[in-house]
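Heads up, the thing below is written out as structure tokens.
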Amino acid sequence: MTRDVGDYIRTCVSCTKNRSPRQRPALQLYPLPVADRPWEMVGMDFVVKPGSSCAVFGLGGVGLSVVIGCKVAGASKIIGVDLNSEKFAKALECGATECINPKDYDRPIHEVLAEKTDDGVDYAFEAIGNTGVMESALSSSHFGCGTTVIIGLASSNTKMTLDPMLLLSGRTLKGSSLGGWKTKEYVPKLVGEYMNKKFSLDKLITHKLPFEKINDGFQLLHNGERYVYIQTRGDIYFNN
């Protein structure tokens, strides 16, 4: 029997509620990575307003979920940014209105985004974990009112440097973990929204491997070709 994302989410919620800590498996990978939940974009930390413009830096599993979240929130322009143009088709399928590759331009990407929007996007999301890209995301947000959200996890020994004027001019820089939501309270609500087709996660799954090939899956992960998405008892799901 084929299991979709909804089936798995329901199973996870049921197992988590009904099992004692000793009964729960030692290794349990939940449906999405910690920062990889599309509803973060409409969570308690902030709200993407309908009709706003967004730029998503990094179109892996996390970035695609951000794209879905922006679409659910009603953003009118969602621009995906990635060095790998092969990811654009999936991003457009998830809701991006346009995708651009910085390698196709001979000037900073924030200048390109300024031209494509009204001097900058309302919301910029960094979903890579690269401090240089974090600076670019901040610079691409609108002067005076733009918000930049860091979701990607940078290496512990890296530091971010930026021009103070980017913040003094009214831009906002912040991080987000789970969107500020408490999972115990909101997971049932999110499952309901998924079941009511407010958003779809099924399109994120592109490959399925048996559990015995988990090492092959992680090799794909390290190669940057796929992202681990879901573990069930028998299968490992991957997303590109």
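Each residue of the sequence shown is one higher than the last, beginning at 1 in full-length UniProt numbering.
Note that CB positions come from ideal geometry on N, CA and C, so glycine has one too.
Residue i lies in the alpha helix (DSSP H); which residues open and close that run?
| i | result |
| --- | --- |
| S90 | Rather than Ser, the amino acid found at residue 90 in this sequence is Lys. Note, K90: alpha helix (DSSP H), 88 to 94. |
| G63 | 61 to 73 |
| L116 | Inspection of the sequence shows that residue 116 is occupied by Lys rather than by Leu. K116 -> alpha helix (DSSP H) spans 109 to 116. |
| L153 | Looking at the DSSP string, L153 is not in any alpha helix (DSSP H), and its letter there is neither H nor E. |
Under the three-state reduction of DSSP, which class applies to residue i: helix, strand or coil?
| i | result |
| --- | --- |
| G217 | helix |
| K198 | coil |
| G80 | strand |
| V191 | helix |
| L138 | helix |
| T131 | helix |
| L204 | helix |
| L162 | coil |
| T97 | coil |
| K49 | coil |
| H222 | helix |
| K182 | coil |
| R37 | Residue placement at R37 cannot be trusted, given a pLDDT of 44 that sits under 50; what the coordinates show is reported in the next sentence. DSSP places R37 in coil when its eight states are reduced to three. |
| L167 | helix |
| P21 | Annotation note: pLDDT 40 at P21 (below 50); position unreliable, coordinate value reported separately. Correct three-state label for P21: coil. |
Can you check DSSP and say which residues form a bridge with residue i?
| i | result |
| --- | --- |
| T148 | A124, L173 |
| P102 | DSSP output for P102 lists no bridge partner at all. |
What are the start and end residues of the beta strand (DSSP E) that includes residue i?
| i | result |
| --- | --- |
| P53 | At residue 53 the sequence reads Ser, which differs from the Pro that was named. From DSSP, the beta strand (DSSP E) with S53 extends over 53 to 57. |
Comparing the CB of residue i with every heavy atom of the ligand GDP, is any distance shorter than 7 Å?
| i | result |
| --- | --- |
| N101 | The model on display carries no ligand, and the ligand GDP is accordingly not part of it. |
Discussion item. Taking 8 Å as the cut-off, does the segment 147 to 162 touch the segment 77 to 86 (at least 3 CB pairs, one atom from each stretch)?
Written reply: Note that the segment 77 to 86 does not touch the segment 147 to 162; fewer than 3 beta-carbon pairs, one per stretch, sit closer than 8 Å.
Discussion item. For the segment 146 to 153 against the segment 167 to 185, do three or more pairs of beta-carbon atoms, one drawn from each stretch, fall closer than 8 Å, so that the two count as touching?
Written reply: yes
Worksheet item: If you pair each beta-carbon of the segment 103 to 111 with each one of the segment 63 to 79, do three or more pairs fall below 8 Å?
Response: no
Worksheet item: Within the chosen definition, does the segment 49 to 68 reach the segment 117 to 133 through at least 3 CB pairs nearer than 8 Å?
Response: yes
Worksheet item: Counting Cβ pairs closer than 8 Å, one from the segment 125 to 135 and one from the segment 57 to 66, do we hit at least three?
Response: yes
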